[in-house]
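Colleague: According to this note's numbering, the sequence shown is numbered sequentially starting from 931.
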Amino acid sequence: MGGVGLNLPVNTLVYAASASLILLIWLRMVRRRSITITSTFRYFFLGGIMLSIPLLFTRPEWLPAAAWRMAAFFAGLVLYFSWLQLPLNRHYRRTLYVLLLLLVVQQAGMALLQLFAPEWSGMPPGGRRVSGVFQQPNVLGSFIATGLGLTLMLYLLPRKMLAVSGYGRYHRLALALLLVLLPALLIWIQSRAAWLGSGLMALGFCLSFWRHQPLFCAKAVGLMSVGLLLGIIVMQWQHSEMLRYISHESSNHARLSMLMDTLAMIIRQPLSGWGYGGFEFSFQHFRINQSPPTAVLEIARHPHNEILLWWVEGGLLALMSMAMIAVAGGLLLIRAMYNDRQAWRAGRSGAGEATALCWVLVPILIHSQLEYPFHISAAHWVLFLLLLATLDGLTKKRIACRRVGSGILVKGGMLVMAVMIISVMIAAFRGGIELTAVERNGMRDIEPLKQMSPLSAWVHDERREFDLQINALMSYNQTNDELLLVEHATWARAYLLRRIDVNVYASLITILRHQRRMVLAERYRLEAAMLFPADRRFSDEPWYQQQ
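#1: Does the beta-carbon of residue 1050 have 16 or more other beta-carbons within 10 angstroms, so that it is buried, or is it exposed?
#2: What span of residues does the beta strand (DSSP E) with residue 968 cover, start to end?
#3: So, with DSSP's three-state summary, where would you put residue 1175?
#4: Apart from the five residues on each side of it in sequence, which residues of its chain come closer than 8 Å, Cβ to Cβ, to residue 1200?
#5: Where does residue 1093 sit, in a helix, a strand or coil, going by DSSP?
#6: Taking a contact to mean a Cβ-Cβ separation below 8 Å, would you say residue 1223 touches residue 1192 in this structure?
#7: Could you compute how far the alpha carbon of residue 1438 sits from the alpha carbon of residue 1464?
#8: Buried or exposed: where does residue 1343 fall if 16 or more other Cβ atoms within 10 Å of its Cβ makes it buried?
#9: Counting Cβ pairs, one atom from each stretch, are 3 or more of them under 8 Å apart for the segment 1119 to 1135 and the segment 1067 to 1085?
#10: Need the endpoints of the alpha helix (DSSP H) that residue 1152 sits in, please.
#11: If we call anything under 8 Å between Cβ atoms a contact, is residue 1160 one with residue 1114?
#12: Is residue 1311 closer than 8 Å to residue 1006 when the C-beta atoms are compared?
#13: Beta carbon of residue 1324, beta carbon of residue 1283: below 8 Å?
#14: Ordered along the chain, which non-local residues of its own chain (more than five positions away) have a Cβ less than 7 Å from that of residue 1242?
#15: Once you ignore the five residues that flank residue 1131 on each side, which residues in its own chain have a CB closer than 8 Å to its CB?
#16: For the 8 Å Cβ check, are there 3 or more pairs between the segment 1212 to 1221 and the segment 1178 to 1185?
#17: Report buried or exposed for residue 1225, applying the criterion of at least 16 other Cβ atoms within 10 angstroms of its Cβ.
#18: Rounded to whole angstroms, what's the CA-CA distance from residue 1334 to residue 1351? Just pull it up for me.
#19: Report the residue from 1236, 975, 1319, 950 whose alpha carbon sits nearest the alpha carbon of residue 1345.
#20: Counting only the same chain and skipping the five closest in sequence on each side, list residues whose C-beta sits under 6 Å from that of residue 1043.
#21: Please report the straight-line C-alpha distance between residue 1375 and residue 1206, rounded to a whole angstrom.
#22: Where does residue 1027 sit, in a helix, a strand or coil, going by DSSP?
#23: If you reduce the DSSP assignment to three classes, tell me which class residue 1272 lands in.
#24: State buried or exposed for residue 1030, treating a residue as buried only when at least 16 other CB atoms are found within 10 Å of its CB.
#25: Pick out the complete alpha helix (DSSP H) segments inside the segment 1070 to 1142, 4 residues or longer, and give them in chain order.
#26: Tell whether a beta-carbon distance below 8 Å holds between residue 1389 and residue 993.
#27: Which same chain residues, not among the five before or five after residue 942, have their C-beta less than 7 Å away from its C-beta?
#28: Near residue 1228, what residues of its chain come up, given a Cβ to Cβ distance below 7 Å and the 5 sequence neighbours on each side ignored?
#29: Mind listing, in chain order, the continuous alpha helix (DSSP H) runs of no fewer than 4 residues lying wholly within the segment 1262 to 1318?
#30: Report the residue from 1027, 999, 981 whose alpha carbon sits nearest the alpha carbon of residue 1314.
#31: At a cut of 8 Å, does the segment 1013 to 1028 reach the segment 953 to 968 through at least three beta carbon pairs?
#32: Pick from 977, 970, 1004: whose alpha carbon is nearest that of residue 948?
#33: Residue range of the alpha helix (DSSP H) that residue 1437 falls in?
#34: Between which two residues does the alpha helix (DSSP H) harbouring residue 953 extend?
#35: CB residue 1402 to CB residue 1417, shorter than 8 Å?
#36: Mapping DSSP to helix, strand and coil, what is residue 1233?
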C-alpha cells in the first residue's frame, strides 16, 4: 500500500480530514458578513493562477498527472484561506500546536517500535531503514524534525503560553523528555535533510530566544545534546540492520548528476519548459540522448527540488510564479520576526510566538529543496500550510471583505468544494484498498477492478489500467488470444510516453518480436538498454540465445 500521492492510502485520509475541516469552518462562516483575506494569500493565489497557465500547453498524455498536482496545490490554498477565517486566540493556537505535536509523537512511537520491536510495529518487515507510515526515511525525518521544532517552541515560550489548568510543570517535563527522545530518533533515522533542517532550526531558536530565555535555552541545548549522545551510543552498541550506518556517497553523486542534467534541460528550453507532468519521461530521455549519454543510475520522477521541478517543466512563467510565491512567503517571515522584536521591546505577552513559528517551518522548507516531501506525504503539505496560515494570521496585515453578495458566493463555493474533495478522497481510499488487494493476490482475480465505482476508477485510472494489462498478459498464457497482445502493445507504447518502467519495456519488446515487428522492437531495445544498462534482457545478444 505504498507509493506517492493518492496511491498512498494515508494521503487520501489526510486530504479527506482536511476537507472535513474546511467544511466545518465554512459552515461556521455562513452567518458571518465578512471574509478575511491577507496580503500574503493574495500573492499566493495570484502565483497559483500564473503557475497553472502552462497546463494549457503540456502534452495530452502528461496532462492528468500535471492536473492532479495542480489540484493538490489549489486544495492547499483553499485550506490556507479557510484557516485564515478562524479568529484563533492564544488558547486555540496552543491547542493546535499540542495536537500537531501529538501527531508527531504518534509517528515517533511507530518509528521506535519499528526499530526496537518490529513485530509490534505493524509495518512490513525486511526494511533497512526506519520509515514509519510514510514508508520513506527522509519524509519521516523532516516530520520528526518539525515535531522537535514544536517542542522547542512550547518549551521556550513564556510559561503563560503553556500553563493549562495548573499542569504546566508536567507539560514541561513531557517536553523535556521529547527534547531528548526526538534528537536521538533523528540520529537513528539517518536523514541528512532532517539533520540539516533540525540543525538550522535549533540554531535559529537559540539565536532568537537566548537573550529572552537564557536559562531555558541552555536547558534545551543540554537536553538535545543528551539525546544526540544517546542516539550515537545506541547506534554503536546495537547490531540491528536498521541502526547500521548508511553510506551516502553514491547518493551524493546521483544528486549532483541529477542537478547538473536538470539545469542543462532548463538551459535547453528556458522559456517554454519541457511540459507539466512529463519530467520522468523528459529527464530520462534527455540523459540518454546527450553526447555522450549520461549513465542512468536510477529512474527519477522528480529533480529533488520543488522549485526546479516547476521551472524545468513550466519554463520562465513557472519560475516567475514560484518567485512570487517565495517572495510573498519570505516577506511574511520577515514581517513576523520584525513584529516579534517590537513585541519583545514592548513586553507584550505573545512575544516570540511568530518567530518560533518561522523556525518550526524550516525543516520542511529545507526538505522541499532537497527532495519532494509534498508529493509523498499529504501530512507534510497540510502541516506546513496550517503553521504558515497561523503565522499569517498573527501578523494582522489583512483586509476584510464585507460585500455580502460576493461573500455568499465564496462561502457556497467553499462548501461545495469541500464536499467534492471528501467524496473524491473516499472513492480514492476505497479504490486504493481494492487495487492493493488485487495486487497482493497476484492479479489473478480482477473482478474487483471491473466492478470498481466510476469515481474510484477515474482517480486510479493509470494504476487500474496497469493491473488490467498485467492480467491480460497472464490470460494470454492460458488462451493464446493474439488480440490481447495487440491491445497490450498499444497500451505499453502509450504508457512509455509517460512512465519509464523496465518490465513494460521488456514485455513490449517481447510482443513486438513475436509479431515480427523487428525494427520497432530494436528501437525500444536500444532505448531500454540505455535506461537500464544492468538488465541483461536488453543486451545486444539475440533474445533467443539469452539464458
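A virtual CB, placed ideally from N, CA and C, is assigned to each residue, including glycine.
Modeller: Reading off the structure:
#1: exposed
#2: 965 to 968
#3: coil
#4: 1245, 1246
#5: Only weak support is given to the placement of residue 1093: the predicted model assigns it a pLDDT of 48, under 50, and the question is left unresolved by the model.
#6: no
#7: 18 Å
#8: exposed
#9: yes
#10: 1144 to 1167
#11: yes
#12: yes
#13: yes
#14: 1192, 1195, 1196, 1203, 1204, 1209, 1233
#15: 1075, 1078, 1079, 1082, 1289, 1290, 1292, 1293
#16: no
#17: exposed
#18: Residue placement at residue 1334 is flagged as unreliable, the pLDDT there being 47, under the threshold of 50; a coordinate-derived value is accordingly withheld.
#19: 950
#20: 1050, 1051
#21: 35 Å
#22: helix
#23: helix
#24: buried
#25: 1098 to 1119, 1122 to 1139
#26: no
#27: 936, 1355, 1358, 1359, 1362
#28: 1184
#29: 1283 to 1290, 1292 to 1298, 1303 to 1306
#30: 1027
#31: yes
#32: 1004
#33: 1432 to 1444
#34: 939 to 958
#35: yes
#36: coil
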